[in-house]
Amino acid sequence: MLMMNAVTSTTVMKGSKVSRTWPPFLVFVVLTIVDDLLACPTHCSCKNYEVDCSNLGLVMIPTDIPSNTKFLSLSNNKLSTLQARTFANVTTLEKLDLSNNYLDQLPTNVFDYVKNLVDLNLRNNSIRNLDENIFDKTTNLQRLDLSVNGISQIPLLLFDEMQNLTWLNLEENRMANLEREIFEPLEVLQQLQLGGNPWECDCSLRDFKHWMEWFQYKGGKLDGIECSLPKGLRGKDLRVIPIEMFNYCIQLEDENKSSANEKTVPAPPCVKQEVVTARPHYIHTTDCIRQRYRPVSVRRAIGTVIIAGVLCGIVCIMMVVAGAYGCIYASLMAKYHRELKKRQPLMGDGEQEPEEQKQASSMA
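For the sequence shown, my numbering gives the first residue as 42, with consecutive numbering after it.
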């Protein structure tokens, strides 16, 4: 209101020439622009569409942030909650820094009004859970920092609408495993930071390791993923663990599928039981001695032996038949030659008889 009075008094002092030259709506537009440029929250610094309200110990976000702000820094304060319409008046916002606060939960639609956002920093807060639709409207986001929080699980659909994301930081959280389907929508992702998490390098990370190798093959940058479990791989980098070490997972999957078709019976005491958690495709096992079982490879080997035995039996039968046929043929040929030899003298006597008769008749 003071700004409006100041501008009005200035125009009056200069005479009616200004009012005659500028239409009223233009004067209103100019006043609005000037008011937005000069307005700045208390104790914050404003310059060139940038508002810096960091290091002020704020427990609430100021409500008088200029509507044309493009960069807003609220880092190093004491913010613990955000309202759903907190950023409804700064729709032009492109960079938002909320790092080093006490935020634990974020409303589902808190970022729906800042559709032009390209850089969001939520580092070092107390965020434990993220709604899978919280970034649905921030499709232009290119950089996202969720590091140093308490996130233990990434929702499967969290990044589905973020096709422009190129840099993602998830380090220093509480994640033990990841699904490869989470990252498949991030087609232009160039750098992913995952260090400092308690990774369990078992079957739950096998599919993600496949995606990780594909990501590195196409030129993506990935920091170290140090295993915390199992003990045999503790301290090892998942990137250098041979994929062949996860081949046993296929056998376990086949075993689980076959056991699923059987009737479920209570497990005896101190037998490792599989408990399916809320996370899809993730199986947690209790710390108990596993009951011995027949691996799938043994069953396949037995089947192979049976098939090989049948084939060998057929071959042996064919060889016996061929041998018997050869023996019969040989005996028949031998018999034929013997009879032929017996008939040859008789044939010789028959040929000499007419000559003896001729000699006897000539003598007579």
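Here a beta-carbon is modelled for each residue, glycine too, at the ideal position from N, C-alpha and C.
Note that this is a predicted model, so its numbers are computed, not measured.
Nearest-angstrom beta carbon gap, residue j and residue i [assumed within contact, 8 Å]
i	j	result
GLU212	LEU235	6 Å
LYS119	THR133	Not really, about 26 Å apart at Cβ, beyond 8 Å.
GLN232	GLY261	7 Å
CYS268	CYS242	4 Å
ALA129	TYR90	Contact doesn't hold; Cβ gap of about 18 Å is too wide.
ASN174	THR149	6 Å
LEU147	LEU123	6 Å
ASP105	ALA80	6 Å
Element boundaries [alpha helix (DSSP H), containing residue i]
i	result
GLN232	Run containing GLN232: none in the alpha helix (DSSP H); it sits in the beta strand (DSSP E), 232–234.
ASP248	247–258
Residue range of the beta strand (DSSP E) that includes residue i
i	result
LYS88	86–88
ARG184	184–186
ASP160	160–162
Beta-carbon proximity list for residue i, same chain, < 6 Å, skipping 5 on both sides
i	result
ASP160	LYS136, ARG184
SER86	ASP93
ASP248	ARG221
GLY265	GLY236, ASP278
LEU209	LEU185, LEU233
LYS156	LYS178
LEU270	GLU241
VAL229	THR207
ASN190	ASN166, ILE168, ASN214
LEU115	CYS94, LEU139
ILE102	THR127
SER121	TYR143
SER188	ARG164, ASN210, GLU212, GLU213
TYR370	none
Proximal residues to residue i (C-beta, below 8 Å), its chain only, five neighbours per side dropped
i	result
ILE192	ILE168, ARG169, ASN170, LEU171, LEU211, ASN214, ARG215, MET216
LEU158	LEU134, GLU135, LYS136, LEU137, PHE152, THR179, ASN181, LEU182
TYR366	none
GLY98	ASN118, LYS119
ALA204	The amino acid at residue 204 is misidentified as Ala; the sequence shows Gln. So the list reads THR180, PRO226, LEU227, GLU228, VAL229, once near-sequence residues are dropped.
Residues that residue i bridges to, as DSSP identifies them
i	result
ASP93	SER86, SER114
ASN210	ASP186, GLN234
GLU241	LEU270
Own chain residues within Cβ distance below 7 Å of residue i, not counting five before or after
i	result
ILE284	LYS250
ASN117	SER95, ASN96, ASN141
CYS201	In the sequence as presented, Cys is not what sits at residue 201; that position holds Asp. The residues are PRO226.
LEU274	CYS242, CYS268, ILE282
ILE347	none
ILE223	ILE195, LEU197, LEU199, PHE200
GLN257	LEU263
Cβ-heavy atom distance, residue i to the ligand GDP, below 8 Å
i	result
LEU197	Summarising the ligand content, the structure contains no ligands, and the ligand GDP is consequently not present.
Enumerated in chain order, which unbroken segments of the alpha helix (DSSP H) with a length of 4 residues or greater are wholly contained in the region 254–288? none
Would you mind listing the beta strand (DSSP E) stretches within the region 100–160 that are 3+ residues and don't spill past its ends, in chain order? 112–114, 136–138
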